[in-house]
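Protein sequences, first through last, are from chains A and B. Here UniProt numbering is used: the first residue of the first sequence is 1, the next is one more, and so on. Here UniProt numbering is used: the first residue of the second sequence is 1, the next is one more, and so on. In this text, a Cβ means the ideal position worked out from N, Cα and C, and glycines have one as well. Just below is one structure, and these are the notes that go with it.
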Amino acid sequence: MSVRSSSTILKPKGGAGTVPNWTSYCFSLAAENSFDDISNKVVADFGCGCGTLGAAAALLGAEQVIGIDIDSQSLGIASMNAENLELDIDFVQCDISNLGWRGQIVDTVVMNPPFGTRKKGADIDFLFVALKVASEAVYSLHKTSTRDHVKRAALRDLNASSAEVLCELRFDVPQLYKFHKKKEVDIAVDLWRFVPKRSRGENINVGVRCPLD
Amino acid sequence: MRLLTHNILSSNIKGVTNGFPLGIEVEKVVEKQVEINHDFLRNIFPKIDWKAFSDASKIMGYVELPEEAPEPSVLDSDLDFLRKFHHALLELHLEEGALVCPQTGRKFPVNKGIPNMLLHEDEV
Numbered sequence: 001m002s003v004r005s006s007s008t009i010l011k012p013k014g015g016a017g018t019v020p021n022w023t024s025y026c027f028s029l030a031a032e033n034s035f036d037d038i039s040n041k042v043v044a045d046f047g048c049g050c051g052t053l054g055a056a057a058a059l060l061g062a063e064q065v066i067g068i069d070i071d072s073q074s075l076g077i078a079s080m081n082a083e084n085l086e087l088d089i090d091f092v093q094c095d096i097s098n099l100g101w102r103g104q105i106v107d108t109v110v111m112n113p114p115f116g117t118r119k120k121g122a123d124i125d126f127l128f129v130a131l132k133v134a135s136e137a138v139y140s141l142h143k144t145s146t147r148d149h150v151k152r153a154a155l156r157d158l159n160a161s162s163a164e165v166l167c168e169l170r171f172d173v174p175q176l177y178k179f180h181k182k183k184e185v186d187i188a189v190d191l192w193r194f195v196p197k198r199s200r201g202e203n204i205n206v207g208v209r210c211p212l213d
Numbered sequence: 001m002r003l004l005t006h007n008i009l010s011s012n013i014k015g016v017t018n019g020f021p022l023g024i025e026v027e028k029v030v031e032k033q034v035e036i037n038h039d040f041l042r043n044i045f046p047k048i049d050w051k052a053f054s055d056a057s058k059i060m061g062y063v064e065l066p067e068e069a070p071e072p073s074v075l076d077s078d079l080d081f082l083r084k085f086h087h088a089l090l091e092l093h094l095e096e097g098a099l100v101c102p103q104t105g106r107k108f109p110v111n112k113g114i115p116n117m118l119l120h121e122d123e124v
């Protein structure tokens, strides 16, 4: 399934971070129509930023959402957003690569990971952790240009039993961060659904750097 | 931070082998009511580390939970238990305080309900 929208629909409305509201909408369509990964489940939002994806999951009926991010300012905004929407979301400030996490209580991980423009492979590092934490499914966004690489990494190295592109999205990213070189850029992004292989031990201590190139 | 989250988090300091459960220092607990979902409680019950959960709830000021995990069949019939389970798991929030690494004693501060698990350079 491939969804391309014209750029007029793509402009993010307010909010912060680089996840336009309609991306959350697409997530919700994908999750609810095809798979039973969100309602009544425990959902973790990795690199939650201002909490858009976690909020979408909560609005879709996730029983409990836990948002994790490294940045206190984003978490402050995420907390306020959740409160304004009257959603129950727990937030944890943590570096994903150093996550101390027990077992597989979390059913589904949703994430819009950093794409790896500043730190190469950052999105794969996130996927590495997500596939260890989730017991049912991981929904994640990665640049379309890295599609083959992501699929290979997930299936061969990261213990995914399946890796499927649900839809392809295009959006404009305005110049938000100092490391963004252009005023605005139009990029194509895949929404993936990964399923982890059944596993393993009780404690997951992700202190090791993901062993991929 | 709810006790559900506390039941998942563990100490992530380098070299720590026994980082779960984190100790809790309470400065402020807030109660926020949420609607009870019996199916969710039945599904999550087998995944909860009961001892860690019941100890934590006592520290948070709630003493109604049994020490030992009851038989799963209790979840089908005992509404009173379900209510207590729900309350302790999802309605008690540690707003201010700290989580404590059980092995090193290192404190992770909790402010406005958000635990800060960021490590210092020598802990990574």
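Residue-level contact to chain A via CB, residue i, 8 Å cutoff
i	result
THR5(B)	yes
PHE85(B)	no
ILE59(B)	no
GLY105(B)	no
PHE20(B)	yes
ASP39(B)	yes
ILE36(B)	no
LEU9(B)	yes
VAL100(B)	no
PRO115(B)	yes
ARG42(B)	no
LEU119(B)	yes
LYS51(B)	no
VAL63(B)	no
VAL74(B)	no
Any chain B beta carbon closer than 8 Å to residue i
i	result
GLN73(A)	no
ASP90(A)	yes
LEU99(A)	yes
ASN84(A)	no
ILE105(A)	yes
GLN175(A)	no
ARG198(A)	no
ILE70(A)	yes
ILE77(A)	no
CYS94(A)	yes
ASN112(A)	no
ASN40(A)	yes
GLU136(A)	no
GLU63(A)	yes
ARG102(A)	yes
ILE124(A)	no
ILE66(A)	yes
Beta-carbon proximity of residue i to residue j, cut-off 8 Å
i	j	result
PHE179(A)	SER140(A)	no
LEU41(B)	SER54(B)	no
VAL173(A)	VAL185(A)	yes
GLU31(B)	GLU91(B)	yes
VAL43(A)	ALA57(A)	yes
LEU3(B)	ALA98(B)	no
VAL133(A)	VAL110(A)	no
GLY116(A)	ALA82(A)	no
PHE108(B)	LEU75(B)	no
MET1(B)	VAL110(B)	yes
ASN18(B)	GLY100(A)	no
THR104(B)	VAL26(B)	no
HIS149(A)	VAL189(A)	no
SER135(A)	GLN104(A)	yes
ASN37(B)	GLU63(A)	yes
ASP39(B)	PRO21(B)	no
8 Å contact criterion, which residue i and residue j should meet: CB distance rounded
i	j	result
HIS93(B)	GLY113(B)	6 Å
ILE24(B)	ALA56(B)	6 Å
ILE38(A)	LEU60(A)	5 Å
LYS28(B)	GLU95(B)	4 Å
THR146(A)	GLU168(A)	13 Å between Cβ atoms; not a contact.
PRO70(B)	PHE81(B)	6 Å
LYS197(A)	THR108(A)	At roughly 16 Å, the Cβ-Cβ gap does not stay under 8 Å, so LYS197(A) and THR108(A) are not in contact.
ARG102(A)	SER10(B)	5 Å
Min CB distance residue i to chain E below 8 Å
i	result
LYS28(B)	Any reference to chain E falls outside this structure, whose protein chains are A and B.
Exercise for review: Decide if the segment 60-70 of chain A is in contact with the segment 34-52 of chain A; the criterion is three or more beta carbon pairs, one per stretch, under 8 Å apart.
Suggested key: yes
Practice item. Would you list, in sequence order, the uninterrupted alpha helix (DSSP H) runs of no fewer than 4 residues that lie entirely inside the segment 33-119 of chain B? Key: 38-44, 50-59, 74-77 and 79-86
Exercise for review: Answer yes if the segment 113-124 of chain B comes into contact with the segment 89-100 of chain A, meaning at least three C-beta pairs across the two stretches below 8 Å, and no otherwise.
Suggested key: yes
Review point. Would you say the segment 121-129 of chain A touches the segment 149-169 of chain A, given that touching needs at least three Cβ pairs under 8 Å?
Key: yes
Check your understanding: When the Cβ atoms of the segment 97-111 of chain B are set against those of the segment 4-14 of chain B, are three or more pairs found closer than 8 Å?
Key -> yes
Review point. Hey, which unbroken runs of the alpha helix (DSSP H) at 4 residues or more fall wholly within the segment 64-149 of chain A?
Key: 72-84 and 122-133
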